[in-house]
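To keep things clear, I will list the structure first and then write my remarks on it.
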Ligand code: GLP
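Set out below in structure tokens:
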């Protein structure tokens, strides 16, 4: 795992934007003269953490540096029980915070459909759509304070695919700030599975704030366990964590990660 420790949330957003623009190739995709046979598939996350990254993408798009015209996207998850037009749904979040401000083609951004009569069929169909798209090339992830990714709660099968999950009380409490009361927070969601996420070719996980310190320590330095779903990322061969000082505060090998990054920069400069 590559662990990049940065000063604060603003620095994480900036570094994440540079890294993802480079890795997805968003600047090259800007040239209309290069139509791709297959769009680049980006996996997207919601929550407070990726907002700075999305703002940086929007700015880079609006100033003509990048384009999403040759991409498509799949979101990690969506609450059950909120229609897409509900301002607290992840559909609304994505429209407001990203899709309305960039040039991702209409009909090429997918979010699990939860306002349907058959939730299991909808989840299976989502998994199939990801497969048909050729899998996810670049996945953005946040992390829950207990180490969950997407809505894969503690104890989720490490091989799981997109499905319906019941949310834990802790997750509902963490997300209650977006709702009037805890009772108003949905109790279920459709989420990509851990196996689905692990199939992404490359993963960028972002975490900021002291509230994520324990989850980050368990993810990077703890044993791989379904009780900390993000710890499975230790088995992925292309994962970068970009975290701020507060989220990094419990890492025992902090100095080593800083030194590794300094060496990486040195090597890049000499190439
Ligand atoms: C929810 C989402 C996750 C997200 C997590 C953390 O559980 N399903 O994808 O990573 O919240 O959110 P935040 O970034 O607001 O801390």
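Numbering (our numbering), first residue to last: 3 to 273. Backbone N, C-alpha and C fix where the C-beta goes; we use that ideal spot for every residue, glycine too.
Fully enclosed by the region 25-74, which beta strand (DSSP E) runs are 3 residues long or longer? 42-46
Please state whether the Cβ-Cβ distance between residue 187 and residue 203 is less than 8 angstroms. no
For the ligand GLP, is there a heavy atom less than 7 angstroms away from the beta-carbon of residue 47? yes
Cα-Cα, which of 101, 216, 85 and 135 is closest to residue 43? 135
Applying the 10 Å Cβ sphere with the 16-neighbour rule, what's the burial state of residue 89? exposed
Closer than 7 angstroms: is that where the CB of residue 93 sits relative to any heavy atom of the ligand GLP? no
By the three-class DSSP mapping on this structure, what secondary structure does residue 179 have? helix
Spatial distance of residue 86 from residue 211 (CA atoms): 29 angstroms
Supposed contact pair residue 48 and residue 77 - C-beta distance, whole angstroms, cut 8 angstroms: 7 angstroms
Residue 124 lies in the alpha helix (DSSP H); which residues open and close that run? 121-134
Are there three or more Cβ pairs, one per stretch, closer than 8 angstroms when the region 114-129 is compared with the region 178-196? yes
Using the three-state DSSP reduction, which class does residue 234 fall into: helix, strand or coil? helix
Unbroken stretches of the alpha helix (DSSP H), 4 residues or longer, contained in the region 186-236: 196-200 and 215-223
Taking 7 angstroms as the cut-off, is the beta-carbon of residue 177 closer than that to any non-hydrogen atom of the ligand GLP? yes
Just to confirm, are residue 46 and residue 151 a CB contact at a threshold of 8 angstroms? no
Secondary structure at residue 118, three-state DSSP: helix, strand or coil? coil
Expected contact under 8 angstroms - CB spacing of residue 14 and residue 246 to nearest Å: 5 angstroms
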